[in-house]
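Visitor:
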Amino acid sequence: MPAPDDLRRLIEDARTDLPDLAPLHVVQRVMSINPDSVLAIAQKHNFDAARPQGDGFVACLMLNAAGLAALKTGTLDVSDPPAAMLAGQHERPAGIYVWAVYARRRLAGGVSLVFDRLSSPTYRGVDFYARAATPEGADLLTTLGFTVRKTGCVDLYHFARGPKTEAAPLYDSHKPGGAGTSVAVARNLEDLSRVIALRAAVYMAEQACPYEEEFDGNDLSATHLIGYVGDEPAGCLRIRFFADFAKIERLAVRAEFRNTRLAFALVRAGIELARVKGYRRLYGHAQKRLVGFWSRFGFRIFDGAQELVFSDFDYVEMLLEAEPHPQAIGLGADPYVIIRPEGRWHRAGTLDRSRSRAVTRPSVDRTVAAR
């Protein structure tokens, strides 16, 4: 929650881009009902813990049942929401309306982190709703996984958050026969064939990339993620690992599936997988026209970043400095975890199951081996 002076400054700054933003006194009244209604966000490399100040913010209306019903019928006055339609700080809301997002350029990557923060028992499983004030806002909501539906004359965006369950990580979320988008690690030659077909369709067919430039000799030394829509392979991503950073690259989504959130899921899965492997620095070459897209995940053009050209496109270096993953695999981890299949460290594998067998082939006697 921003301090009063910081809130005043942020509201004034935001009004240039969001002229319909509610007046300061209305925002203050909403925060008096529920202080969680406004959360400030800041760029990590500019943040001063001694003098914390936000560079942007996400404002939400914690709606009770009456407020959510009014939102869906288009009768809720979001410019001056009645107190009777808002849930208090310790009440579980019926829905969370994203009231305003002020996150320019690189800061947009922090918006999803704010949404993740609203996962305490009070808010867990409560759906998000939003309206887009600008075309950029509509793009951001779609990237974050919101879907749009008509409500009267207004497009209402919705993000369903089901009850919290013990789910597989995003990079191992594909289950045959399932619906929606999911991601899996490529583990065999058939999977690699899927990756080749996907990238040939996107890069070679659509962008006229030469074969030898698209298949550059790095595919057999990388981890590949495959994105699915239902059971249909629809996209892919490549990750290569270096000494102190991982490189995210070769993101491709088939044209007919670009109206889904699959690109978002693939990038988030790639970042998560690299973090679980202990990497905190994620590096990439972004086409200049797509810098805004990558910024939404926390990537930024760093000091000294170089521009480069290859395969007829112009690129710029970008970097994401991520927080340590709480389950990062390192020395001292369970050795059985380390020998599990890539991306399936969360569940027992074939070699785990073999441990129940008795030792029938003990270490070879040196005198026998020397004969």
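So the sequence shown is residues 268 to 638, counted in this note's numbering.
Here a beta-carbon is modelled for each residue, glycine too, at the ideal position from N, C-alpha and C.
Taking residue 411 as the reference, give the member of 395, 352 and 291 with the closest Cα.
Guide: 395
Visitor: What number of angstroms, rounded off, separates the C-alpha of residue 596 from the C-alpha of residue 362?
Guide: 37 Å
Visitor: Kindly indicate which three-state DSSP category residue 725 falls into: helix, strand or coil?
Guide: With the chain running from 268 to 638 in the structure shown, residue 725 is simply not present.
Visitor: Taking DSSP as the reference, what is the three-state secondary structure of residue 413?
Guide: coil
Visitor: Looking at residue 495 and residue 441, is the spacing between their C-beta atoms short of 8 Å?
Guide: yes
Visitor: In the DSSP output, which residue or residues are listed as bridge partners for residue 527?
Guide: Paired residues: none, contrary to the question.
Visitor: Please name the residue in 328, 336 and 369 whose C-alpha comes closest to that of residue 281.
Guide: Measuring from the Cα of residue 281, the nearest candidate turns out to be 369.
Visitor: What three-state label does DSSP hand residue 438 in the structure shown?
Guide: helix
Visitor: Drop a sphere of 10 angstroms on the beta-carbon of residue 323, count the other beta-carbons inside from all chains shown, and report buried for 16 or more, exposed for fewer.
Guide: buried
Visitor: Considering Cα atoms alone, identify which of 610, 626 and 271 is closest to residue 452.
Guide: 610
Visitor: Look at the alpha carbon of residue 587 and the alpha carbon of residue 625, and state the distance between them as a whole number of angstroms.
Guide: 47 Å
Visitor: Pull up the DSSP beta-bridge partners for residue 629, would you.
Guide: Per DSSP, none; premise fails for residue 629.
Visitor: Once you ignore the five residues that flank residue 544 on each side, which residues in its own chain have a CB closer than 8 Å to its CB?
Guide: 508, 513, 595 and 596
Visitor: Would you give the residue range spanned by the alpha helix (DSSP H) that residue 581 belongs to?
Guide: Taken as a continuous stretch (DSSP letters only), residue 581 belongs to no alpha helix (DSSP H), being part of the beta strand (DSSP E) at 580 to 588.
Visitor: So what does DSSP say about residue 491, is it helix, strand or coil?
Guide: Three-state DSSP puts residue 491 in a strand.
Visitor: Using 10 angstroms around the beta-carbon of residue 510, count the other beta-carbons present and answer buried if the total reaches 16, otherwise exposed.
Guide: So residue 510 ends up on the exposed side.
Visitor: Quick one: which unbroken beta strand (DSSP E) runs of 3-plus residues sit fully inside the region 444 to 484? Chain order, please.
Guide: 448 to 452
Visitor: Name the residue from 505, 542 and 583 whose alpha carbon lies nearest to the alpha carbon of residue 591.
Guide: Among 505, 542 and 583, the Cα nearest to that of residue 591 belongs to 542.
Visitor: Check the C-beta distance from residue 352 over to residue 333 and give it rounded, since I have them as a contact under 8 Å.
Guide: 5 Å
Visitor: Roughly how many angstroms lie between the CA atoms of residue 393 and residue 292, to the nearest whole one?
Guide: 27 Å
Visitor: So which of 422, 599 and 305 has the shortest CA-CA distance to residue 382?
Guide: 305
Visitor: Taking only three categories from DSSP, how would you classify residue 428?
Guide: coil
Visitor: If we ignore side chains and look at the alpha-carbon of each, how far apart do residue 472 and residue 466 end up?
Guide: 9 Å
Visitor: Quick check on the DSSP output: what are the complete beta strand (DSSP E) runs of length 3 or more inside the region 269 to 345, in order along the chain?
Guide: If we require 3 residues or more, the beta strand (DSSP E) runs fully inside the region 269 to 345 come out as 305 to 308 and 323 to 330.
Visitor: Skipping 5 residues on each side, what residues in its chain have a beta carbon closer than 6 Å to that of residue 569?
Guide: 586
Visitor: Could you check whether the region 479 to 487 touches the region 526 to 543, counting it as contact only if at least three pairs of C-beta atoms, one from each stretch, sit closer than 8 Å?
Guide: Too few Cβ pairs lie closer than 8 Å, so no.
Visitor: Any contact between the region 513 to 533 and the region 611 to 620? By contact I mean 3 or more CB pairs, one from each, below 8 Å.
Guide: no
Visitor: Identify, in the order they occur along the chain, each residue of the same chain with its Cβ nearer than 7 Å to the Cβ of residue 408, setting aside the five sequence neighbours on each side.
Guide: 397, 399 and 424
Visitor: List the endpoints of the continuous alpha helix (DSSP H) containing residue 559.
Guide: First-last of the alpha helix (DSSP H) with residue 559: 558 to 562.
Visitor: Who are the Cβ neighbours of residue 517 in its own chain at under 6 Å, not counting the five residues just before and after it?
Guide: Non-local C-beta neighbours of residue 517 in its own chain, meaning closer than 6 Å and more than five positions away in sequence, comprise 505, ordered along the chain.
Visitor: DSSP puts residue 554 in a beta bridge; with which residues?
Guide: Its beta-bridge partners are 582.
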